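Participant: Numbering-wise, this note's numbering puts 449 at position 245 of the sequence shown, and it's gapless, one number per residue. Heads up, the beta-carbon is just placed ideally off N, CA and C, and yes, glycines get one too. No experiment lies behind these values; they were computed from the predicted model shown.
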Amino acid sequence: MRALLALALLLAAPAPAATERAGSMAGVTIIDRLDVADLPAGQRQDFWFRAGETQLAQSWLVPVIVVKGARPGPRLLLTAAIHGDELNGIDVIHQLLARIDPATLSGSIVAVPGLNTPGLMLSQREWTTDDGRAQPNLNRVMPGMEGGRDIDDYAGRLWSRLLRPNADRAVDLHTQSRGTRYVLYAFASTPETRTMAELVAPDIIKLDTGEKGTVENELTRDGVPAITLELGGPEVFDATMVTRGVAGLTNLLRSMGMIAGTARPSDPATFVANSITVVRAPRAGYARLLVPLGASVTAGQPVATLSDAFGHVTDTVTAPVAGRVNTIVTDPRRPRGGMLLRIVWWSTDPKCAMGC
Ligand SMILES: [Zn+2]
205 MRALLALALL LAAPAPAATE RAGSMAGVTI IDRLDVADLP AGQRQDFWFR AGETQLAQSW
265 LVPVIVVKGA RPGPRLLLTA AIHGDELNGI DVIHQLLARI DPATLSGSIV AVPGLNTPGL
325 MLSQREWTTD DGRAQPNLNR VMPGMEGGRD IDDYAGRLWS RLLRPNADRA VDLHTQSRGT
385 RYVLYAFAST PETRTMAELV APDIIKLDTG EKGTVENELT RDGVPAITLE LGGPEVFDAT
445 MVTRGVAGLT NLLRSMGMIA GTARPSDPAT FVANSITVVR APRAGYARLL VPLGASVTAG
505 QPVATLSDAF GHVTDTVTAP VAGRVNTIVT DPRRPRGGML LRIVWWSTDP KCAMGC
């Protein structure tokens, strides 16, 4: 009886999700759903993923690269350009995957070199199809809602048909926004993701309680350890940052047993912080920074001056705390209250142990 019941339940259960193919374009298969389990092992395949429809009733297409190793192993998800002006992660994925041989890979790399197609087209951080409309942040609406309004549907299809079902660990690649620049900088929200971040060897790791709706935090909360990796500034392929990103991810792949080689556990030069302070312009004007990106600063140290339209210095701005400069402005034109730089630092307050 019990065996019959089990059989009936088995027959009634929905078929497991499988890759859904929807034709091809210039030889690249178009898909509506991905399940790396049903792809042949020992191969790289490129796909176009249909992430909903434009207002012209055409498909938003998102590029997907799957390198499925000849041997079984974990699935590492790599995503880039969820903010459409943050390009270095695209080059990191392109360069990294060009070096991965599926014949010697254990497990799978599922990579999305460009999550935000409309933002990339307009070089906009936001997901936007029209300058006159609201420009929501695609990295605050995960896991989205398939069948919802445009961005919710776009996010929901990405999440439930592509990203979440194909990830055991994930790295979401970003840069700072227009007019600003980061060091190589990782966010981590748990001890496990801190270890992942250390393996990538950034200049700075910021422990962070996380934000709702980000790829990193929604995956981590859903049982897929994930980090956000920030690689410098926007709108360029920065060879130095890309090279460091590729090296860091190669080390992560080694630590996961996906490629040969011994992983270096961490870089002693990486600075770990749990707190952040934004240094702002006390009035509008032209900013001149007195410290470089990545500098160690002491409390009270002059870090920037502001000048008026005639070049007269109106303010000398000092660091309110000691720490490391993780962000600077690259556009000197500052509104009143505009960010000049950010300083990350270590708080000994027990409440801040995993980020304040
Ligand atoms: Zn970003």
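For ligand 1, I want to know if N421 counts as a neighbour, meaning its beta carbon is within less than 8 Å of at least one of the ligand's heavy atoms.
Facilitator: No, since every heavy atom of ligand 1 falls outside the 8 Å radius drawn around the Cβ of N421.
Participant: Is any heavy atom of ligand 2 found at a distance shorter than 8 Å from the C-beta of S327?
Facilitator: With respect to ligand 2, the structure offers nothing, as its ligand set consists of ligand 1.
Participant: From which residue to which residue does the alpha helix (DSSP H) around Q299 run?
Facilitator: Q299 -> alpha helix (DSSP H) spans N292 to A302.
Participant: So, at 6 Å on beta carbons, what are the nonlocal neighbours of D471 in its own chain, with the 5 sequence-adjacent residues on each side left out?
Facilitator: Counting only Cβ-Cβ distances below 6 Å, and skipping sequence neighbours, we find A405.
Participant: For the 8 Å Cβ check, are there 3 or more pairs between the stretch 276-287 and the stretch 306-322?
Facilitator: As far as the Cβ criterion goes, the stretch 276-287 touches the stretch 306-322, which means the pair count is three or higher.
Participant: Mind checking whether the beta-carbon of N343 lies closer than 8 Å to any heavy atom of ligand 1?
Facilitator: Checking every heavy atom of ligand 1 against the Cβ of N343, one is found closer than 8 Å.
Participant: Please write down, chain order preserved, every residue whose beta carbon lies under 6 Å from a heavy atom of ligand 1.
Facilitator: Answer in sequence order: H287, E290 and H378.
Participant: Within 10 angstroms of the Cβ of T332, are there 16 or more other Cβ atoms? Answer buried if so, exposed if not.
Facilitator: Counting Cβ neighbours within 10 Å, T332 comes out buried, since at least 16 surround it.
Participant: Give the straight-line distance between the Cα atoms of L403 and K410, rounded to the nearest whole angstrom.
Facilitator: If you take the alpha carbons of L403 and K410, they lie about 14 Å apart.
Participant: Please state whether DSSP places T397 in a helix, a strand or coil.
Facilitator: Three-state DSSP puts T397 in a helix.
Participant: Please name the residue, chosen from G489, R492 and R484, that lies closest to I547 on a Cα-to-Cα basis.
Facilitator: Cα-wise, what sits closest to I547 is R484.
Participant: I'd like the list of long-range same chain contacts for Y490, defined as Cβ closer than 6 Å, with 5 residues on each side in sequence excluded.
Facilitator: These residues qualify, in order along the chain: S511 and P536.
Participant: Please work out which residues of its chain come closer than 7 Å, Cβ to Cβ, to R237, disregarding the five sequence neighbours upstream and downstream, and give them in chain order.
Facilitator: Here the set comprises A221, T223, E224 and R365.
Participant: Run through DSSP, which three-state label would P276 get?
Facilitator: In this structure, P276 counts as strand in the three-state DSSP scheme.
Participant: When you compare the CB positions of L493 and I532, do they come within less than 9 Å of one another, or not?
Facilitator: Yes; because the gap between Cβ atoms is below 9 Å, this pair is in contact.
Participant: Would V495 and Q505 be called neighbours here (beta carbons separated by less than 9 Å)?
Facilitator: Yes.
Participant: Drop a sphere of 10 angstroms on the beta-carbon of A557, count the other beta-carbons inside from all chains shown, and report buried for 16 or more, exposed for fewer.
Facilitator: Exposed, since its Cβ has fewer than 16 Cβ neighbours within 10 Å.
Participant: Which same chain residues, not among the five before or five after G541, have their C-beta less than 7 Å away from its C-beta?
Facilitator: Cβ within range, chain order: R484 and A485.
Participant: Which of the three DSSP states is assigned to A359 in this structure?
Facilitator: Here A359 sits in helix by DSSP.
Participant: Which complete alpha helix (DSSP H) runs does the stretch 437-525 hold, if anything under 4 residues is left out?
Facilitator: If we require 4 residues or more, the alpha helix (DSSP H) runs fully inside the stretch 437-525 come out as 443-459.
Participant: R368 and G417 look like a contact to me (Cβ under 8 Å); what is the Cβ gap, rounded to whole Å?
Facilitator: Rounded, the Cβ-Cβ distance is 14 Å, inconsistent with contact.
Participant: Whose CA, out of L309, D289, I304 and V314, lies closest to the CA of R329?
Facilitator: Measuring from the Cα of R329, the nearest candidate turns out to be D289.
Participant: Which of the three DSSP states is assigned to G231 in this structure?
Facilitator: Three-state result, G231: coil.
Participant: At which residues does the beta strand (DSSP E) containing P536 begin and terminate?
Facilitator: Taken as a continuous stretch (DSSP letters only), P536 belongs to no beta strand (DSSP E), as it is neither H nor E.
Participant: Let me confirm a value: P539 is counted as buried when at least 16 other C-beta atoms fall within 10 Å, else exposed. Which label applies?
Facilitator: Counting Cβ neighbours within 10 Å, P539 comes out exposed, since fewer than 16 surround it.
Participant: Within the same chain, show all residues whose beta-carbon is closer than 8 Å to that of G360, passing over the 5 residues directly before and after it, in chain order.
Facilitator: Within the same chain, G360 has close Cβ partners P347, G348, M349, E350, G351 and G352.
Participant: Looking only at its own chain, which residues have a Cβ that is under 8 Å from the Cβ of A302, when we skip the five neighbours before and after it?
Facilitator: Here the set comprises nothing.
Participant: From the DSSP output, read off the bridge partner residues of L435.
Facilitator: In the DSSP output, where bridge partners are listed per residue, L435 has L388.
Participant: Assuming contact is defined by CB atoms lying nearer than 9 Å, are D372 and A392 in contact in what I supplied?
Facilitator: Against a cut-off of 9 Å, the Cβ pair of A392 and D372 comes out as no contact.
Participant: Are S312 and N370 closer than 9 Å when you measure CB to CB?
Facilitator: Yes, the Cβ-Cβ distance between S312 and N370 is below 9 Å.
Participant: Where does E422 sit, in a helix, a strand or coil, going by DSSP?
Facilitator: Looking at E422 - three-state DSSP - the assignment turns out to be helix.
Participant: What is the DSSP secondary structure of A261, counted as helix, strand or coil?
Facilitator: Looking at A261 - three-state DSSP - the assignment turns out to be coil, as it is neither helix nor strand.
Participant: According to DSSP, is P406 helix, strand or coil?
Facilitator: Here P406 sits in coil by DSSP.
Participant: Is the Cβ-Cβ distance between L388 and L435 less than 9 Å?
Facilitator: For L388 and L435, yes; Cβs fall inside 9 Å.
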